[in-house]
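J.: Let me give you the structure first, and then I'll get to my questions.
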Amino acid sequence: MNSKNSKLLGIIPILTVLCFALFLAAGDSPATANPVNQVVTVNVPQAISIAVQTPVDFGTVSAGTTGTLNYWVANTGNVKIDLSARANQTSFQSLLATDVIAISGNYFIKNNNTGAFNQVQSGTNVLIYSNMNKASQGSGAPNNWTSAGQQLTIPAYTEDGAYSIGMIYSAVKH
Amino acid sequence: MISLKTNKILPFILISLILFNSISPISGAGLWASPPEFKYNLSSSETVTGQISVRNIGNEDLDVVLEKKRLLKDSSFMVYSDKGIATWITILNNETTFKMSPGESKTIHFKVTAPEKINYLDALGGIIIRGVPTTPQNNTGVKIKQGVELVIKIVVGLPGPIIESLQLLKHKAPVILISFMPGNFVYELRNNGTVSANMTGNIEINGLFNHKIPIQGVVYPEDNYTLLETWEPGFSDVGIYSAKTTINYGRFQQTKTIKTNDTLIVIPIWLIFLIILAVLVWQIRKRDIKSPIRIKIERK
Chain U
1 MNSKNSKLLG
11 IIPILTVLCF
21 ALFLAAGDSP
31 ATANPVNQVV
41 TVNVPQAISI
51 AVQTPVDFGT
61 VSAGTTGTLN
71 YWVANTGNVK
81 IDLSARANQT
91 SFQSLLATDV
101 IAISGNYFIK
111 NNNTGAFNQV
121 QSGTNVLIYS
131 NMNKASQGSG
141 APNNWTSAGQ
151 QLTIPAYTED
161 GAYSIGMIYS
171 AVKH
Chain H
1 MISLKTNKIL
11 PFILISLILF
21 NSISPISGAG
31 LWASPPEFKY
41 NLSSSETVTG
51 QISVRNIGNE
61 DLDVVLEKKR
71 LLKDSSFMVY
81 SDKGIATWIT
91 ILNNETTFKM
101 SPGESKTIHF
111 KVTAPEKINY
121 LDALGGIIIR
131 GVPTTPQNNT
141 GVKIKQGVEL
151 VIKIVVGLPG
161 PIIESLQLLK
171 HKAPVILISF
181 MPGNFVYELR
191 NNGTVSANMT
201 GNIEINGLFN
211 HKIPIQGVVY
221 PEDNYTLLET
231 WEPGFSDVGI
241 YSAKTTINYG
251 RFQQTKTIKT
261 NDTLIVIPIW
271 LIFLIILAVL
281 VWQIRKRDIK
291 SPIRIKIERK
């Protein structure tokens with residue numbers, strides 16, 4: 001009896017180990033495994049970007065008349081922006097002529113939101129496009145404002161010559 | 001044989017065009033920067049550092065200038081100032097002017113140090129990245145050299161008492177409007193508090209027909225802000241209208257309110273035409289003006 005018991009006692013640990021091994025094997029079996037979800041993440045950073053046509057030219061405008069020009073400006077980033085513009089000087093200047101063309105009262109820029117032409121200023125950014133959208137996803141082209149415009153009146157009796165000025169287009173995240 | 005060759009060449013040309021399009025720079029002057037804004041919560045004298053990636057995406061060589069500024073922005077203008085948060089920002093490595101060729105990239109490093117003694121909580125500043133084409137002035141026509149500027153916002157929150165206070169300095173509303181003539185509602189506001197005032201609300205224009213113009217904006221402490229909203233009466237709008245403006249503001253919850261009431265008269269364009277026509281008819285009858293054309297109908 002004692003020898004039988006001692007044999008049984010010897011078998012029990014072996015059976016226990018075998019059961020445990022079978023349980024582990026069953027756990028690893030693809031047929032009974034729980035589905036494991038793989039989480040894949042990606043971070044798309046924000047970027048602000050604009051591009052503008054340069055240089056632009058009013059061409060030949062007679063003294064005492066008003067010239068207009070169209071240009072394009074594009075939101076090439078992936079965030080909405082507020083776009084404003086300013087001149088880098090208070091007047092159009094010439095390399096040869098002694099006259100200047102003051103921007104005050106003569107030089108205007110189109111506002112997309114109102115459709116009106118606003119006075120260009122030299123020290124202050126004038127808002128010309130509020131909440132300019134980014135390009136639609138995957139469109140392959142940036143959001144391009146092609147009907148942007150400027151107006152310039154040449155004061156009467158302005159000396160002939162080539163006049164120029166610098167414009168800066170400023171973008172800030174909306 | 002020819003069609004076989006075309007079949008092989010055509011996809012190659014298309015792929016080449018797509019690749020060229022994606023690699024080639026945009027015509028004109030262009031800049032790209034990431035990220036477009038930074039938001040920091042700083043305690044007294046605390047310093048943080050950051051970096052901005054910049055790329056010349058245009059096809060022009062650019063003279064690039066970096067500046068640190070305080071931003072004052074409303075619905076019509078954006079002005080830069082050298083005060084306040086502008087003095088807390090430092091552009092590192094003295095990289096404030098450099099040239100960039102088309103496609104060239106650069107990393108800008110900066111730090112922001114909160115002052116030891118502070119008197120307000122929210123501040124809006126930024127790093128201005130300005131790129132101007134290097135092309136010289138031309139001698140023909142009236143030319144404009146156009147450059148681009150990216151404003152990378154730096155918004156700093158500082159510990160301190162939260163005081164929400166937005167004051168309406170003055171406001172202006174149109175008195176008479178004609179159909180399709182836009183009228184401006186102008187509100188001059190000042191933030192006397194210590195935190196940014198996020199505004200929401202609307203202008204309710206009630207008369208024969210009702211209209212609602214939404215209001216949105218942010219005013220930073222110590223800033224003056226001109227809120228400009230426009231309304232254009234339609235063809236059918238006529239008579240006396242009331243304009244009730246409600247500006248709700250607060251840093252997170254817009255719990256405080258500013259209200260104004262105005263009255264305006266809308267004259268429809270068709271009424272003006274009718275009056276002109278009536279005056280003309282009246283004048284013709286009064287002066288007994290005969291028509292120069294006479295039509296005689298005879299019976300056979």
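Top to bottom, those sequences are chains U and H.
Going by my numbering, the residue at position 141 of the first sequence is 141; the numbering climbs one at a time, nothing skipped.
Going by my numbering, the residue at position 25 of the second sequence is 25; the numbering climbs one at a time, nothing skipped.
Where a beta carbon is used, it is the ideal one built from N, C-alpha and C, also for glycine.
Values in this document were obtained by computation on a predicted structure and should not be read as measured data.
Any Cβ of chain U within less than 8 angstroms of the Cβ of H/Ala29?
T.: Interface residue, yes.
J.: To which residues of the same chain is H/Ser179 closer than 6 angstroms at the C-beta, ignoring the five residues directly before and after it?
T.: If we look at H/Ser179 and ignore the five residues flanking it on each side, its Cβ neighbours are Pro233, Phe235, Pro268, Ile269.
J.: For U/Thr146, I'd like the list of residues in its chain whose CB is within less than 7 angstroms of its CB, leaving aside the five on either flank, ordered along the chain.
T.: Only Trp72 meet the Cβ criterion.
J.: Could you work out which residue in H/Val186, H/Pro182, H/Glu164 is closest to H/Asn192 when comparing CA atoms only?
T.: That would be H/Glu164, whose Cα lies nearest to the Cα of H/Asn192.
J.: Determine which residues of the segment 137-159 of chain H have a Cβ less than 9 angstroms from any Cβ of chain U, and write them out in chain order.
T.: Listed in sequence order: Gln137, Asn138, Asn139, Thr140, Gly141, Val142, Lys143, Ile144, Lys145, Gln146, Gly147, Val148, Glu149, Leu150, Val151, Ile152, Lys153.
J.: Name the chain C residues that come within less than 8 angstroms of U/Ile168, Cβ to Cβ?
T.: Absent from the structure: chain C. Protein chains present are U and H.
J.: Locate the alpha helix (DSSP H) running through H/Ala307, then write down its first and last residues.
T.: Only positions 1 to 300 of chain H appear in the structure, and residue 307 of chain H is not among them; the question remains open.
J.: In the segment 79-102 of chain U, which residues sit with their C-beta less than 7 angstroms from some C-beta in chain H, listed in chain order?
T.: Result list: Val79, Ser84, Phe92, Leu95.
J.: Can you give the Cα-Cα distance for H/Asn93 and H/Leu66, rounded to whole angstroms?
T.: Rounded to the nearest angstrom, the two C-alpha atoms are 12 angstroms apart.
J.: Of all the residues that make up the segment 52-81 of chain H, which are near chain U by a beta-carbon distance shorter than 9 angstroms?
T.: Within the segment 52-81 of chain H, the residues whose Cβ lies closer than 9 angstroms to some Cβ of chain U are Ser53, Arg55, Ile57, Gly58, Glu60, Leu71, Lys73, Asp74, Ser75, Ser76, Phe77, Met78, Val79, Tyr80, listed in chain order.
J.: With 8 angstroms as the limit, tell me which residues of the segment 223-243 of chain H have their beta carbon closer than that to any beta carbon of chain U; keep them in chain order.
T.: Listed in sequence order: Thr230.
J.: With a threshold of 16 other CB atoms inside 10 Å of the CB of H/Met78, please say whether the residue is buried or exposed.
T.: Under this definition H/Met78 is a buried residue.
J.: State the start and end residues of the unbroken beta strand (DSSP E) segment that holds H/His211.
T.: That run of the beta strand (DSSP E) goes 210-219.
J.: What are the residues that DSSP puts in a beta bridge with H/Gln167?
T.: BP columns for H/Gln167 point to H/Arg190.
J.: Give, in chain order, every residue of the segment 126-154 of chain U whose Cβ lies closer than 9 angstroms to some Cβ of chain H.
T.: Under the 9 angstroms Cβ criterion, the segment 126-154 of chain U contributes Val126, Leu127, Ser130, Gly140, Pro142, Gln150, Leu152, Ile154.
J.: Can you tell which of H/Ile26, H/Leu277, H/Phe273 has the C-alpha that lies nearest to the C-alpha of U/Asn144?
T.: Looking at the Cα atoms, H/Ile26 is the closest of the given residues.
J.: Under DSSP, the beta strand (DSSP E) around H/Ala306 begins and ends at which residues?
T.: Residue 306 of chain H lies beyond the residue range present for chain H, which begins at 1 and ends at 300; the question has no answer from this structure.
J.: Does the beta carbon of U/Val172 sit closer than 8 angstroms to a beta carbon anywhere in chain H?
T.: Yes, its Cβ sits closer than 8 angstroms to a Cβ of chain H.
J.: Quick check: the segment 85-105 of chain U against the segment 154-174 of chain U, are there 3 or more CB pairs under 8 angstroms?
T.: Flag = yes, the segment 85-105 of chain U and the segment 154-174 of chain U touch.
J.: Give the single residue among H/Pro221, H/His109, H/Asp82, H/Lys99 whose Cα lies nearest to the Cα of H/Ile91.
T.: Closest by alpha carbon: H/His109.
J.: Quick one, are the C-beta atoms of H/Glu116 and H/Ser44 less than 8 angstroms apart?
T.: Result yes, Cβ atoms of H/Glu116 and H/Ser44 sit closer than 8 angstroms.
J.: Are any of the Cβ atoms in chain U nearer than 8 angstroms to that of H/Tyr40?
T.: Chain U, which has no Cβ nearer than 8 angstroms to the Cβ of H/Tyr40, makes this no.
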